[in-house]
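A.B. asks:
Chains as they are written, first to last, in the numbering used here: chain A, 3 to 392; chain B, 3 to 392.
Shown next, in the form of structure tokens:
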């Protein structure tokens, strides 16, 4: 889809969105993410409906704005925290320790102790050394072992082999956990962020089910399956409604894991991405030589000030401008810093109005996830992204 | 070079380094960049000697720590600022406005006005619209036009086409600047960061000289050549000493531009990279399956907390550990966040001691440039990089 078409879709999709109304009515003197509580609430309700008995643990890393955590805590959401600071943010928002899981498989030893002292009992792991740290600092904890999933799921944001272990290793780690006085409670996995087709979960679920049954045959009584995240947000594409997507995933889960007492999911992006839009400003429009067909459009926000997910042009945000409706031409889109890697979209240019010029407002839609906290503290002297919750 | 060999080279190279002495004698409870004023001073002196009559404008973006800016201001260094915040940092460090150039070709209009009001007169540009903004907000300013250089210079950190314009466009912009009441003062370019062989400058300098002479033939009286940055720092490789590297570049510059009254250069990385080291901690060592040959080593710092230049494995920092001397094996090195893109070195694994384990200290050498300000404000709840200047 061209950026123009994506922009039209975004306008259509979000036409009644409070964050866009707020943007419309306001002036901003620096790049600002405006995020709508109402849309987060709508997405939460839709996913909760589709997920049925699988409990939502919001992946705090997607957007840890206090107002969002408070909203979700008020709905009874649980939380998946990646670090001590995220645990603190959940508590500050009103979550109880029993509602928080420490899902990062890479934890600092004294952060494990900190979580344990608070009463957090659920820890993720994928390695012997992690189990040893947990046994030493959170004796008796419940362990969810993360599997390495290597099926092709068509995810937009690539999953590396960074997290998880193979099935045989997971069985070995269950034994090791027991030796260490821990409770191997279940399995987790991640299909890959932005897995747009629910049917792409099947092969992964088959793989996880095979490990689960092998664990049962080996005498482990697992009680919890964590299906992770991967629920897509719309970046201008037409997707299934979230409740239907989640329901289709759950049908596949139940077909394999109906006997499992506890199910949980960790949506992050799907809850917050569409709820946010970044207001930016064009700083410069140029052509490299006089007869260049492509223009370069430089914004006051770039890869190092919140748009890190444009790396490799992986995530393509729908754009709208104050000149939409005019005729358009192809543009390379870049950030404001002196770093030559700070280019957002070049291989697949975006189509923007011919009349676009410095000072014009550009809105980047569906930017509620993985933007505000990715922003650098001050690269090139540019401030981090401002966040307004409406 | 293996990481182990690079580590040995780093230890050798920096054996008398005050930042390493400080690290040795201190405890750190989070990832910390320790940077040595003495080494920055040594690098400044060496480059200044080699650059001769070309004045140093420190590229503030490489590391804007106040102590470094104060040190360089005390030496009479000039400064190249990318933004209003960097201008303020230079002034706070004692620089006079006449010592500051506004070298970002992408400037916000009111930042141009701000700089002009302070008395800054030197602005970079590569586009008509930028000239118009400068004419409106800094009437009469001196303009350095940036050329787009597309020769192969063997640079480690890729230069995209983001900055600069072609030669014919530069001539057109000189005319346009005059029409707008500005003074087209000279040309700038950038050979690419980490251009390790000074002879690789030749082709670029030929190209710039051709544009320069065309401008003279067209009646423009240019007075300033800005040769930019690109001066390399050692990441464990053997390089020419900085004074010799700079002298060899200057010999090639003078062969073509002896008649140019003012020369300037904008080193950043070459002044500060080798002066800094990051103290980090191993959080976890794991194998994905029982018979894996490669280990995964997870540090408490990653791509989103200061090591953005590992993107594409472009910059490879030499590593030392508290277990150096033990036998080693290949490792994938990754950061602590739940983001699967937060992997530092995978395609070319690093060799680290077999006995390495959680809690062990790892030092990343030559990390004084482009680390502290690239760090995210709090991705996954991890704090930005701490900075200590000794």
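Backbone N, C-alpha and C fix where the C-beta goes; we use that ideal spot for every residue, glycine too.
Considering only the beta carbon of each residue, do residue 2(B) and residue 323(B) sit closer than 8 angstroms?
C.D. replies: Given that chain B is displayed from residue 3 to residue 392, the structure contains no residue 2(B) and the question cannot be resolved.
A.B. asks: Give the range of the alpha helix (DSSP H) segment to which residue 349(B) is assigned.
C.D. replies: Counting from 1 along the second chain, the entry for residue 349(B) is found at position 347. No alpha helix (DSSP H) contains residue 349(B), which is instead part of the beta strand (DSSP E) from 345 to 355.
A.B. asks: Would residue 85(B) pass as an interface residue toward chain A - the criterion being a Cβ-Cβ separation below 8 angstroms?
C.D. replies: Numbered from its first residue, the second chain carries residue 85(B) at position 83. True, the Cβ-Cβ gap to chain A drops below 8 angstroms.
A.B. asks: Are the C-beta atoms of residue 362(A) and some chain B residue less than 8 angstroms apart?
C.D. replies: Within the first chain, residue 362(A) is the residue found at index 360, counting from 1. Residue 362(A) does not count as touching chain B.
A.B. asks: Taking buried to mean at least 16 other C-beta atoms within 10 Å of its own C-beta, is residue 382(B) buried or exposed?
C.D. replies: One-based indexing of the second chain puts residue 382(B) at position 380. Counting Cβ neighbours within 10 Å, residue 382(B) comes out buried, since at least 16 surround it.
A.B. asks: Where does residue 295(A) fall in DSSP's three states?
C.D. replies: In the first chain, residue 295(A) corresponds to position 293, counting from 1. The answer is coil: DSSP assigns residue 295(A) none of H, G, I, E or B.
A.B. asks: In whole angstroms, what separates the C-alpha of residue 182(B) from that of residue 89(B)?
C.D. replies: Locating residue 182(B) in the second chain gives position 180, counting from the first residue. Locating residue 89(B) in the second chain gives position 87, counting from the first residue. Taking the straight line joining both Cα atoms gives about 25 angstroms.
A.B. asks: Could you tell me whether the segment 339 to 349 of chain B touches the segment 269 to 285 of chain B, using the rule of 3 or more Cβ pairs below 8 angstroms?
C.D. replies: no
A.B. asks: Determine the extent of the beta strand (DSSP E) in which residue 60(B) is found, giving its start and end residues.
C.D. replies: In the second chain, counting from the first residue as 1, residue 60(B) sits at position 58. 57 to 61 is the span of the beta strand (DSSP E), which, as asked, contains residue 60(B).
A.B. asks: Would you say residue 339(B) faces chain A, with C-beta separation under 8 angstroms as the test?
C.D. replies: Mapped onto the second chain, residue 339(B) falls at position 337. Residue 339(B) counts as touching chain A.
A.B. asks: What separation, rounded to the nearest whole angstrom, lies between the Cα atoms of residue 210(A) and residue 168(A)?
C.D. replies: Taking the first chain and counting its residues from 1, the one referred to as residue 210(A) is at position 208. Taking the first chain and counting its residues from 1, the one referred to as residue 168(A) is at position 166. Distance between residue 210(A) and residue 168(A), taken at the CA atoms: about 10 angstroms.
A.B. asks: Do you know offhand how far residue 204(B)'s Cα is from residue 258(B)'s?
C.D. replies: Taking the first residue of the second chain as position 1, residue 204(B) is located at position 202. Taking the first residue of the second chain as position 1, residue 258(B) is located at position 256. In this structure, the straight-line span from the alpha carbon of residue 204(B) to that of residue 258(B) is close to 10 angstroms.
A.B. asks: Check residue 262(A) in the structure and name its three-state DSSP category.
C.D. replies: Taking the first residue of the first chain as 1, we reach residue 262(A) at position 260. Three-state result, residue 262(A): coil.
A.B. asks: Let me check understanding here. Comparing Cα to Cα, which of 320(A), 321(A), 96(A) and 35(A) lies closest to residue 389(A)?
C.D. replies: For the purposes of this step, residue 389(A) is taken as the residue at position 387 of the first chain. Here the closest residue by C-alpha is 35(A).
A.B. asks: Which residues in chain B have a C-beta closer than 7 angstroms to the C-beta of residue 174(A)? List them in chain order.
C.D. replies: As a working note, residue 174(A) is residue 172 in the first chain. Against chain B, a Cβ distance below 7 angstroms from residue 174(A) picks out 292.
A.B. asks: Can you find a C-beta in chain B that's less than 8 angstroms from the C-beta of residue 384(A)?
C.D. replies: As a position in the first chain, residue 384(A) is number 382, starting the count at 1. Judged by the 8 angstroms Cβ criterion, residue 384(A) is in contact with chain B.
A.B. asks: Which word fits residue 77(B), buried or exposed, when buried means at least 16 other C-beta atoms lie within 10 angstroms of its C-beta?
C.D. replies: Taking the first residue of the second chain as position 1, residue 77(B) is located at position 75. Result: exposed.
A.B. asks: Taking residue 205(A) as part of the alpha helix (DSSP H), name the residues at either end of that continuous run.
C.D. replies: Against the first chain, residue 205(A) aligns to sequence position 203. Element bounds for residue 205(A): 204 to 219.
A.B. asks: May I have the straight-line CA-CA distance separating residue 304(B) from residue 67(B), to the nearest angstrom?
C.D. replies: Against the second chain, residue 304(B) aligns to sequence position 302. Against the second chain, residue 67(B) aligns to sequence position 65. Each residue's Cα considered, the two are about 21 angstroms apart.
A.B. asks: Within 10 angstroms of the Cβ of residue 310(A), are there 16 or more other Cβ atoms? Answer buried if so, exposed if not.
C.D. replies: By one-based count along the first chain, residue 310(A) stands at place 308. Result: buried.
A.B. asks: What residue does the beta strand (DSSP E) around residue 321(B) start on, and which one ends it?
C.D. replies: Position 319 of the second chain, counting from 1, holds the residue named residue 321(B). Membership of residue 321(B) in the beta strand (DSSP E) is indicated by the continuous run 321 to 323.
A.B. asks: Could you tell me whether the Cβ of residue 223(A) comes closer than 8 angstroms to any Cβ of chain B?
C.D. replies: The residue labelled residue 223(A) in the question sits at position 221 within the first chain. Not one chain B Cβ lies under 8 angstroms of residue 223(A).
A.B. asks: Anyone know if the C-beta pair for residue 302(A) and residue 33(A) falls short of 8 angstroms?
C.D. replies: Sequence index remark: in the first chain, residue 302(A) carries index 300 (1-based). Sequence index remark: in the first chain, residue 33(A) carries index 31 (1-based). It is a contact, given that the beta carbons lie within the stated cut-off.
A.B. asks: Could you tell me whether the segment 69 to 76 of chain A touches the segment 113 to 120 of chain A, where touching means 3 or more Cβ pairs closer than 8 angstroms?
C.D. replies: no
A.B. asks: Which residues, in chain order, does the segment 118 to 148 of chain B contribute to contact with chain A at a C-beta distance below 7 angstroms?
C.D. replies: Hits within the stretch, in order: 128, 129, 131, 132 and 135.
A.B. asks: Of all the beta strand (DSSP E) runs that stay within the bounds of the segment 98 to 176 of chain B, which reach a length of 3 or more residues?
C.D. replies: 102 to 104, 124 to 127 and 144 to 148
A.B. asks: Identify, in the order they occur along the chain, each residue of the same chain with its Cβ nearer than 6 angstroms to the Cβ of residue 179(B), setting aside the five sequence neighbours on each side.
C.D. replies: Taking the first residue of the second chain as 1, we reach residue 179(B) at position 177. Correct list, in chain order: 133, 145 and 186.
A.B. asks: Taking the alpha helix (DSSP H) that residue 68(A) belongs to, which residues open and close that run?
C.D. replies: Position 66 of the first chain holds residue 68(A). 68 to 76 is the extent of the alpha helix (DSSP H) around residue 68(A).
A.B. asks: If you measure between the beta carbons of residue 271(B) and residue 249(B), is that distance less than 8 angstroms?
C.D. replies: In the second chain, residue 271(B) corresponds to position 269, counting from 1. In the second chain, residue 249(B) corresponds to position 247, counting from 1. The answer is no: Cβ separation not under 8 angstroms.
A.B. asks: Could you have a look at residue 186(B) and say whether DSSP puts it in helix, strand or coil?
C.D. replies: In the second chain, the residue the question calls residue 186(B) occupies position 184. Three-state result, residue 186(B): strand.
A.B. asks: At a CB-CB cut-off below 8 angstroms, which residues of chain C make contact with residue 58(B)?
C.D. replies: The structure shown contains no chain C; its protein chains are A and B.
A.B. asks: May I ask you to report which of helix, strand or coil DSSP gives residue 1(A)?
C.D. replies: With chain A covering only 3 through 392, there is no way to say anything about residue 1(A).
A.B. asks: Can you tell me where the alpha helix (DSSP H) with residue 22(B) in it begins and where it stops?
C.D. replies: Translated into the one-based positions of the second chain, residue 22(B) becomes position 20. It spans 20 to 27 - the alpha helix (DSSP H) in which residue 22(B) sits, taken as one unbroken run.
A.B. asks: Give the DSSP bridge partners of residue 335(A), in chain order.
C.D. replies: Locating residue 335(A) in the first chain gives position 333, counting from the first residue. Per DSSP, 299(A) and 347(A).
A.B. asks: List the residues of chain A that residue 193(B) touches, going by C-beta distances under 9 angstroms, in chain order.
C.D. replies: Residue mapping note: residue 193(B) aligns to position 191 of the second chain, counting from 1. Residues of chain A passing the Cβ test: none, with the nearest at roughly 12 angstroms.
A.B. asks: Would you list, in chain order, the members of the segment 287 to 318 of chain B that have their beta-carbon closer than 8 angstroms to a beta-carbon of chain A?
C.D. replies: 287, 288, 289, 290, 291, 292, 298, 300, 302, 306, 310 and 313
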